[in-house]
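Heads up: the structure comes next, in structure tokens.
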Amino acid sequence: ISSSYASERAATISTSTATPSTSVGPGMEGDPGESEETTHFSIVDATGNAVSVTTTINSWYGSKVTVAGAGFVLNNEMDDFAAKPGTPNQFGLVQGENNAIGPGKRMLSAMSPSIVLGKDDELLMVTGTPGGSTIITTVFQTISNVVDYGMNVVQAVNAPRVHHQHLPDQIYYEAGGLSESVVAELQDLGHTMVERSDVSGDVQAILIEDGAITAWSDPRRGGMAKGH
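Its first residue numbered 325, the sequence shown is counted upward by one per residue in my numbering.
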């Protein structure tokens, strides 16, 4: 416990009068809720070796089971199967019998750690992101921003995003991600448009151009880019 937090809690205790229990609240107010936070890291070394890794325990505290004496919790990746085909999972994805639980099967996963090569098979980009069902669209848009639109790594990661995952049948878009005219046109076509403060993701990207390595961490979350 930090000294500042301990002092803050101590200040709520009176030595001269009883403190009504109803006036004593938790240190952290509100429900932090379930974040869409897997973890991703991208690495490139001085000789050009590259690693792109996305790792997760799936949901908050995974399966809520701790390995005795080992200090870590087990994941609940079984939720990536369609435990009940036709029913939304925790990320709102509705899947069918092809992803039902069965012997010898591996569940579908949105995790997309990516290494992109250039025209001559040279290392161009290393990227990936957490974000549950939004991972695929986030990684695709980040790569497309570089390859198709010529953005640098900062622009590619910071650019507003859109997301659609089939069901629920809605297009999520970040503020500024689509112009008002495009939103109106899509609505006229029958699409349900949902504006969100962010469409999720925490992209960690490295771009290699002309021998220079540039890294950038998504400002939407709390990661960072480091060079040594």
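Note that the Cβ used here is the ideal one computed from N, Cα and C, for glycine as well. From a predicted model like this one, the values you see are computed outputs, not experimental measurements.
Here DSSP, grouped into helix, strand and coil, assigns residue 532 to strand. A check of alpha carbon separations from residue 475 across 542, 531, 536 identifies 531 as the nearest. A direct Cα-Cα distance of roughly 13 Å separates residue 453 from residue 485.
In summary, residue 512 is exposed, with fewer than 16 beta-carbon neighbours lying within 10 Å of its beta-carbon over all protein chains present.
Note on the stretch 459-493: there is no whole beta strand (DSSP E) run with a minimum of 3 residues.
Residue 432 counts as exposed, since fewer than 16 other beta carbons sit within 10 angstroms of its beta carbon.
In the DSSP annotation of this structure, the continuous segment of the alpha helix (DSSP H) that includes residue 330 starts and ends at 327-334.
By the criterion of a C-beta distance shorter than 6 Å, residue 522 is surrounded in its chain by 498, 544, once the five residues flanking it on both sides are discounted. Comparing C-alpha distances from residue 549 to each of 338, 366, 492 shows the shortest one belongs to 366.
Residue 342 counts as exposed, since fewer than 16 other beta carbons sit within 10 angstroms of its beta carbon.
Taking the Cα positions, residue 423 is about 12 Å away from residue 411. In this model, residue 489 and residue 466 are separated by some 17 Å (Cα to Cα).
DSSP places residue 450 inside the beta strand (DSSP E), whose first and last residues are 447-451. A distance below 8 Å separates the beta carbons of residue 457 and residue 434. Looking at the DSSP output, residue 365 shares a beta bridge with 377. If the five residues before and after residue 495 are omitted, its C-beta is found closer than 8 Å to the C-beta atoms of 486, 487, 488, 510, 515, 516, 517, 518, all from its own chain and listed in chain order.
Pairing residue 407 with residue 328, the inter-Cα distance amounts to about 45 Å.
For residue 441, the pairing in a beta bridge is given by DSSP as 447. For residue 483, the closest of 524, 445, 447 by C-alpha to C-alpha distance is 524. With fewer than 16 other Cβ atoms from the protein chains shown falling within 10 Å of its own Cβ, residue 392 counts as exposed. When only Cα atoms are considered, residue 403 and residue 429 end up about 13 Å apart.
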